[in-house]
Amino acid sequence: MADQQRMFGDRGTAGDINLRAMLDRAPRSPMAGCAFHDMRERLRKVGLRPTRQRLMLGWLLFAKGHRHVSAEMLYEEATRAKAAVSLATVYNTLHQFTEAGLLKQLALDGTKSYFDTNVTDHHHYFIEDEQVLVDIPPGELDVRVVPNVPAHFELRDVEVIVRVRRRDRLALARASGEA
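So the mapping is simple: this note's numbering equals the position in the sequence shown, first residue as 1, plus 72.
Next comes the structure, spelled out in structure tokens:
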């Protein structure tokens, strides 16, 4: 129990991790495998100062592998993790991470942006009725021909978002003669 308290803060359970306490206890010297040290180094490599808030948000973003999050989703995660950050700080940090090449921003309809931790070239399904982005597996979408880029420009990226929604079950049943 004492080990758990040292690891997870005052509450003593993994579900209520006190990120601030973890950051304070994170080693200051190089130590392979330490999530906070790794995040600190990752931020430094792209020219971002590893502030406490960037470290906390970076850890929340990248600790779960490749995923797609909105600012609101990350803010909610930070709030549950007892991280003292505002929604404005979350937005600013996501944009700083994107500018530094740590994230890829996907704007949908100009109303909502998602941030992808996988910055490699790949495409997405957007499940409209669930507001969820899903990676299209490699090799399932073939984009061979792209338009000529205007003079004085260079092609930076080709990104395809395939919009899908669940079929109406009643309409499916009628079409198949079951209803």
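Cβ atoms here follow ideal geometry from the backbone N, Cα and C, with glycine treated the same way.
| Asked | Found |
| --- | --- |
| Are the beta-carbon atoms of Val-39 and His-196 separated by less than 9 Å? | The chain is shown from 73 up to 251; residue 39 falls before or after that span and cannot be answered. |
| What is the rounded straight-line gap between the Cα of Asp-240 and the Cα of Glu-171? | 40 Å |
| With DSSP as the reference, label Gln-203 as helix, strand or coil. | coil |
| Thr-192: which of Val-162, Leu-166, Lys-176, Thr-165 sits nearest, CA to CA? | Lys-176 |
| Excluding five sequence neighbours on each side, which residues of the same chain lie with their C-beta closer than 7 Å to the C-beta of Arg-139? | Thr-189 |
| Ordered along the chain, which non-local residues of its own chain (more than five positions away) have a Cβ less than 6 Å from that of Thr-123? | none |
| Which value, in whole angstroms, describes the spacing of the CA atoms of Ile-199 and Ser-185? | 14 Å |
| For a quick check, are the C-beta atoms of Ala-283 and Leu-132 less than 9 Å apart? | Missing from the structure shown is residue 283; the chain here goes from 73 to 251 and no further. |
| Let's test the definition: count the other Cβ atoms within 10 Å of the Cβ of Thr-151 and tell me whether it reaches 16, buried, or not, exposed. | exposed |
| Which residue from Ile-233, Leu-227, Val-162, Thr-165 puts its Cα closest to that of Asp-181? | Ile-233 |
| Can you confirm whether Val-157, when its beta carbon is compared against all beta carbons of chain B, has any partner nearer than 9 Å? | Absence of chain B from the displayed structure is noted, only one protein chain being present. |
| Keeping to the same chain, check which residues put their C-beta closer than 6 Å to that of Val-157; ignore five residues upstream and five downstream. | Gln-125, Ala-150 |
| Please list the terminal residues of the continuous beta strand (DSSP E) segment that includes Lys-176. | 176-180 |
| Of all the options Glu-226, Asp-110, Pro-209, Val-162, which has the alpha carbon lying nearest to the alpha carbon of Val-141? | Val-162 |
| In whole angstroms, what separates the C-alpha of Ile-208 from that of Ala-247? | 28 Å |
| What are the boundary residues of the beta strand (DSSP E) that includes Val-230? | Neither: Val-230 is in no beta strand (DSSP E) and is coded neither H nor E. |
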